[in-house]
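Line by line, the protein sequences give chains A and B. For the first sequence, the positions run 1 to 325 when UniProt numbering is used. For the second sequence, the positions run 1 to 325 when UniProt numbering is used. Glycine included, each C-beta is placed from N, C-alpha and C at the ideal position.
There are 2 protein chains.
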Amino acid sequence: MQEVKKLWDEVRELSLGSNSTIERLESPPTPLQFLRDYVSQNKPCIIKNVSLHHQWPAFSLWPHPSYLSKTLSSSPPVSVHLSPNGRADSLVTLTHPRSGEISQCFASAHVERLPFDEALQLVSNSKNGDVVAYLQQQNDCFRDEYSVLGSDCDEHIAWATEALGCYPEAVNLWIGNQLSETSFHKDHYENLYTVVSGQKHFLLLPPTDVHRMYIRQYPAAHYSYSRVNDVERFTLELEEPVRYVPWCSVNPYPSPETRESEMAKFPLYFNGPKPFECTVNAGEILYLPSMWFHHVRQSPDDNGYTIALNYCKAKASFLCPYFKI
Amino acid sequence: MQEVKKLWDEVRELSLGSNSTIERLESPPTPLQFLRDYVSQNKPCIIKNVSLHHQWPAFSLWPHPSYLSKTLSSSPPVSVHLSPNGRADSLVTLTHPRSGEISQCFASAHVERLPFDEALQLVSNSKNGDVVAYLQQQNDCFRDEYSVLGSDCDEHIAWATEALGCYPEAVNLWIGNQLSETSFHKDHYENLYTVVSGQKHFLLLPPTDVHRMYIRQYPAAHYSYSRVNDVERFTLELEEPVRYVPWCSVNPYPSPETRESEMAKFPLYFNGPKPFECTVNAGEILYLPSMWFHHVRQSPDDNGYTIALNYCKAKASFLCPYFKI
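See the structure below:
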């Protein structure tokens with residue numbers, strides 16, 4: 001165990017320097033700098049002044065809900081994720097309908113496709129414990145559902161494309177508010193999270209901290225949502241046949257009532273080095289390397305929304321890393 | 001086993017394309033191209049026309065032994081590796097002096113420091129079965145023992161330095177002839193082999209072919225060389241206390257007598273896909289990524305020498321690869 005703890009410290013030191021903060025660049029890096037100093041070293045960074053350098057109309061236009069509503073008024077419906085608490089794709093305690101057994105499952109949101117205006121309204125009306133809406137779909141939704149907004153930003157981030165040698169495989173738009181939260185997980189993608197409006201708050205842990213995440217197999221479940229006579233109702237249903245999803249067990253923000261038991265269950269997380277904490281502001285990009293664990297919360301802009309655009313691509317040659325061992 | 005064989009094929013396809021030859025570039029790459037298309041992908045390549053682009057005096061001067069002898073005449077002695085057959089750092093069958101047991105050991109050369117002229121003469125006079133001399137020492141010998149030649153070439157290869165983000169950790173000069181051969185092994189370094197005169201012939205296997213190399217632990221032994229009354233004599237002595245060296249068991253060029261037994265002992269090597277074969281000519285650089293297995297032979301120039309300069313550096317952040325798993 002001492003060995004593993006030493007590894008955690010060494011990785012922090014090596015990958016992020018001794019002060020262990022996420023580096024903020026004043027302006028976009030050159031492709032070579034980006035590839036050499038960040039991508040190749042699997043090191044996150046935040047690029048400031050993106051709105052200044054990239055001059056996307058999105059930064060001035062999208063914070064106005066009226067602009068979005070108008071522009072998207074005749075677009076096909078958009079995907080909305082609905083959950084009772086804004087915590088979709090996260091662990092939920094479930095009482096098994098037949099056995100009465102209490103266990104945890106991995107709950108995904110109920111997904112609906114709605115006209116944009118109606119979907120945005122649902123975000124505004126989101127109430128914890130009732131229904132929380134999050135406009136998102138991680139399947140290249142920006143280029144698919146929001147294509148009319150395409151001219152408001154770049155199709156790709158030029159310095160990243162040149163560094164990685166190819167265009168993004170997916171561009172995803174996220175519109176939500178402070179109620180939506182993304183639990184700790186990792187992606188196999190290189191991510192460039194561009195915050196257009198509001199703020200995103202990340203907790204980051206390097207891939208070598210994997211043991212601190214207590215990744216376990218959880219049965220998959222889905223929220224299903226119904227509205228009958230204006231009464232909204234979620235039911236959580238286990239997938240049949242049962243399918244297991246490996247997911248991080250740690251909730252970094254336990255409620256005061258569960259804090260002590262959570263700390264006892266996950267000592268490596270709570271007693272180990274703190275995760276890197278960073279806030280990405282509107283007009284900034286977070287480069288999140290593949291395989292870093294991340295937990296995301298958000299703060300809304302004056303109109304109540306957090307808007308972000310995520311450019312992502314798989315590693316160019318997934319076998320390379322294996323070569324280097 | 002089928003799975004592993006599939007992996008070998010996939011790696012070949014992914015890392016080197018379907019025609020599975022080492023790419024030859026007509027001119028030096030930009031730092032970004034080099035990092036993105038080769039280093040990041042752990043993909044070897046050969047850069048042609050180095051003498052044209054880099055214009056080192058070395059390419060025209062060093063092929064003349066008289067120039068080297070004159071320039072190095074008042075330098076301190078240089079390191080020479082002596083072995084009976086040009087196969088130092090390789091496996092040798094040894095009869096244990098006490099037990100009489102026959103086993104294989106990992107034999108390193110006898111290293112002497114001699115005035116350059118005398119050392120070069122030993123290369124010329126090298127005879128297989130008698131004594132084979134190889135001017136080399138992999139400890140940054142060029143900047144140490146051959147510093148007077150420094151102005152004949154660049155201290156570093158600019159595009160590689162910019163791509164990798166730092167200067168070479170070691171620059172090694174190698175002067176030998178066709179009798180010296182380097183057995184299959186891998187380095188933890190990124191290597192840039194620049195051939196100045198003569199030719200180097202490489203057999204290359206990607207790191208994923210590790211199982212085909214039959215890496216085993218061999219007891220370390222050293223040649224010790226003596227010359228008494230003009231009688232040259234090598235003795236091979238096991239290190240005491242015994243120390244084991246992990247080394248590749250495969251000799252890709254077995255003698256006709258041993259060929260059948262070698263093929264039977266190492267079927268994965270001899271029956272699997274052929275290693276990549278390439279010849280690096282004078283004025284060319286081979287980029288050999290870390291962890292690739294390589295076997296090296298050489299052909300001399302008209303004066304009987306093969307001269308090469310190897311720039312190498314450890315991976316910038318050795319933990320990165322681990323991150324990506």
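- Rounded to whole angstroms, VAL228(B) and VAL131(B) show a C-alpha spacing of 14 Å.
- Residue contact check for GLU162(A) against chain B: a CB pair falls below 8 Å.
- About 18 Å separates the Cβ atoms of ALA133(A) and VAL92(A), ruling out a contact at the 8 Å cut-off.
- With fewer than 16 other beta carbons inside 10 angstroms of its own, LYS127(B) counts as exposed.
- Taking C-beta atoms as the reference points, MET291(A) and LYS200(A) fail to come closer than 8 Å.
- With its beta carbon less than 8 Å from one in chain A, ARG36(B) belongs to the interface.
- LYS313(B) sits in a strand when the DSSP states are folded into three classes.
- Under the 8 Å Cβ criterion, the segment 86–101 of chain B does not count as touching the segment 191–198 of chain B, having fewer than three qualifying pairs.
- Among the residues of the segment 164–192 of chain B, those with a Cβ less than 7 Å away from any Cβ of chain A are GLY165, in the order of the chain.
- Within its own chain, the residues whose Cβ lies closer than 7 Å to the Cβ of ALA308(B), once the five positions on either side in sequence are excluded, are TRP174, TYR193, THR194, VAL195, VAL196 and LYS200, listed in chain order.
- Per DSSP, the continuous alpha helix (DSSP H) segment holding VAL50(A) begins and ends at 50–54.
- In the three-state scheme derived from DSSP, where H, G and I count as helix and E and B as strand, GLN137(B) is classed as coil.
- For LEU122(B), the enclosing alpha helix (DSSP H) has its first and last residue at 116–124.
- Comparing alpha carbon positions, the residue from ARG259(A), GLU284(A), PHE202(A) and ARG233(A) closest to ASN85(A) is ARG233(A).
- At a C-beta separation below 7 Å, PRO31(B) has these neighbours in chain A: LEU32.
- Residue pairing by DSSP puts PHE276(A) in a beta bridge opposite LEU204(A).
- For the C-beta of SER147(B), not a single chain A residue is nearer than 7 Å; the gap to the nearest is close to 29 Å.
- The beta carbon of SER40(A) falls within 8 Å of a beta carbon belonging to chain B, placing the residue at that interface.
- If you check the CB distance, PHE276(B) and SER20(B) come in under 8 Å.
- The segment 174–184 of chain A makes contact with the segment 297–313 of chain A: 3 or more CB pairs, one atom from each, lie closer than 8 Å.
- The DSSP assignment places 158–164 as complete runs of the alpha helix (DSSP H) inside the segment 156–220 of chain B, in order along the chain (cut-off: 4 residues).
- In the structure shown, ARG98(A) falls within a coil segment according to DSSP collapsed to helix, strand and coil.
- The continuous beta strand (DSSP E) containing PHE293(B) extends over residues 293–299.
- Contact between the segment 53–62 of chain A and the segment 146–160 of chain A is present, with at least three C-beta pairs closer than 8 Å.
- By the C-beta criterion, the segment 282–297 of chain A is judged to be in contact with the segment 44–52 of chain A, since at least 3 inter-stretch pairs fall below 8 Å.
- Under the three-state reduction of DSSP output, LEU72(A) falls in the coil class, being neither helix nor strand.
- Cβ contact annotation for PHE34(B) (same chain, cutoff 7 Å, sequence separation greater than five): TRP159, ALA160 and ALA163, in chain order.
- With fewer than 16 neighbouring CB atoms inside 10 Å of its own CB, MET263(B) falls in the exposed class.
- Of the other Cβ atoms in all chains shown, 16 or more fall within 10 Å of the Cβ of TYR218(B); this residue is therefore buried.
- A direct Cα-Cα distance of roughly 19 Å separates PHE266(B) from ASP9(B).
- The count of Cβ pairs closer than 8 Å, one atom from the segment 205–224 of chain A and one from the segment 99–118 of chain A, reaches three, so the stretches are in contact.
- Judged by DSSP in its simplified three-state form, GLN41(B) adopts coil rather than helix or strand.
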